[in-house]
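Numbering-wise (our numbering), the sequence shown opens with residue 395 and increments by one.
Here the structure is laid out as structure tokens; the discussion comes afterwards.
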Amino acid sequence: MARASGGGPRQPLSVKKPGAAKRPPLADAARATGTTRSRRTSKTIGQKPSQRAAPVARSPRTKADKQAIATVVLDRLQATYPDAHCELDHRNAFELLAATILSAQCTDVRVNMVTPALFAQFPDPESLADAPPEAVEEIIRTTGFFRAKAKSLIGMARALVRDHGSEVPRSIAELVALPGVGRKTANVILGNAFGINEGIVVDTHVQRLSRRLGLTREPDPVGIERELMPLFPRESWAQLSHLLIFHGRRTCFARKPACDACVLADVCPSAGIDA
Ligand code: SF4
């Protein structure tokens, strides 16, 4: 899997005044949100949840504020999850493409339980293109929406054979033209199978964390991706998604995020919320 190259220490973009002393990223990020570790406890200790004011995330005010937070987020999560990676098991681009199609509305763990049998029986685009739908459906049944997914898998394989010499194409435009493939899946393939940082994978975890961290208020994945891209070095885009997904699965849960144990709590404008 492609990893961010790093390219040396980054500086926050929010230090604007010529000659002004540069603040470390943490200082800029904390200033941007007004967030401190004591924020949750200063007024709410001893109160019942029903007595507390409704939690309102303080959003960063400027693009520079967002940039300062983004810099800290990337540095901290890289240090916390140095092995963050795509959790869909695969040996090549074709397998990753099939696994990603199967991962819609399904956990990676569940997908990884069915793909060994799928790839044992249909190891390449040619064999999958000729597969009886019922045979594919039977193997992938537990991933949900199995009829639609079988149709997408077989259609994808046929398109690879017919239009791409049985190879997985390397552009967003060609990938999203395949059955069952949207922009998110295309970004997964480009970033993880080919090391091409064309965009940022925005799944449910990336959506939730980028909003909680105040990096975006966009309601849809395309808008979120558009806002995140300029905040992070391009070479980090594929890894960024893995980092946010790892953090979402281990700490920043959809319900009851573990803010007290979070490495981003001092810069996160949503720290202390009871989601
Ligand atoms: S766990 Fe809490 S502090 Fe950490 S990123 Fe999520 S909302 Fe912010």
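We put the CB at the ideal spot given by N, CA and C, even for glycine.
Taking 8 Å as the cut-off, the Cβ atoms of LEU637 and ALA473 do not count as close.
ARG606 has its Cβ nearer than 7 Å to a heavy atom of the ligand SF4. Cα atoms of PRO527 and ARG606: separation of roughly 42 Å, rounded to the nearest angstrom.
Counting along the chain, MET550 sits inside the alpha helix (DSSP H) bounded by residues 540-558. Looking only at VAL657, ALA571, LEU584 and CYS662, the smallest Cα-Cα distance to GLY549 is reached by ALA571. Here THR456 is exposed. Its C-beta has fewer than 16 other C-beta atoms within 10 Å.
Within the same chain, GLU612 come within 8 Å of ARG620 by CB-CB distance, once the 5 residues on both sides are set aside. Here the distance from the Cβ of ILE667 to the nearest heavy atom of the ligand SF4 is below 7 Å.
Assignment of CYS480 by DSSP, reduced to helix, strand and coil, places it in the coil class. Looking at the backbone, the Cα of THR509 and that of VAL467 are separated by about 33 Å.
Approximately 6 Å separates the beta-carbon atoms of LEU603 and HIS641; this is inside 8 Å, confirming the contact. Apart from the 5 residues on each side of it in sequence, GLY574 sits with its Cβ closer than 6 Å to the Cβ of ILE495, SER546 and MET550 in its chain, given in chain order. In this structure, ALA523 sits away from ILE534, with a CB-CB distance that is not shorter than 8 Å.
Rounded to whole angstroms, the gap between the alpha carbons of CYS662 and PRO476 is 21 Å. Within 10 angstroms of the beta-carbon of ASP459 lie 16 or more other beta-carbons, which makes it buried.
Here THR598 is exposed. Its C-beta has fewer than 16 other C-beta atoms within 10 Å. Taking a C-beta distance under 8 Å as the contact criterion, LEU609 and ARG470 do not qualify as a contact pair.
In this structure, DSSP gives ASN591 a state outside helix and strand, which the three-state scheme calls coil. In this structure, PRO624 has its beta carbon at no less than 7 Å from each heavy atom of the ligand SF4. Set against 7 Å, the gap from the CB of ALA652 to the closest heavy atom of the ligand SF4 is smaller. Following the DSSP letters along the chain, one finds GLY666 in no alpha helix (DSSP H), marked with neither H nor E.
Not one heavy atom of the ligand SF4 sits closer than 7 Å to the Cβ of SER635.
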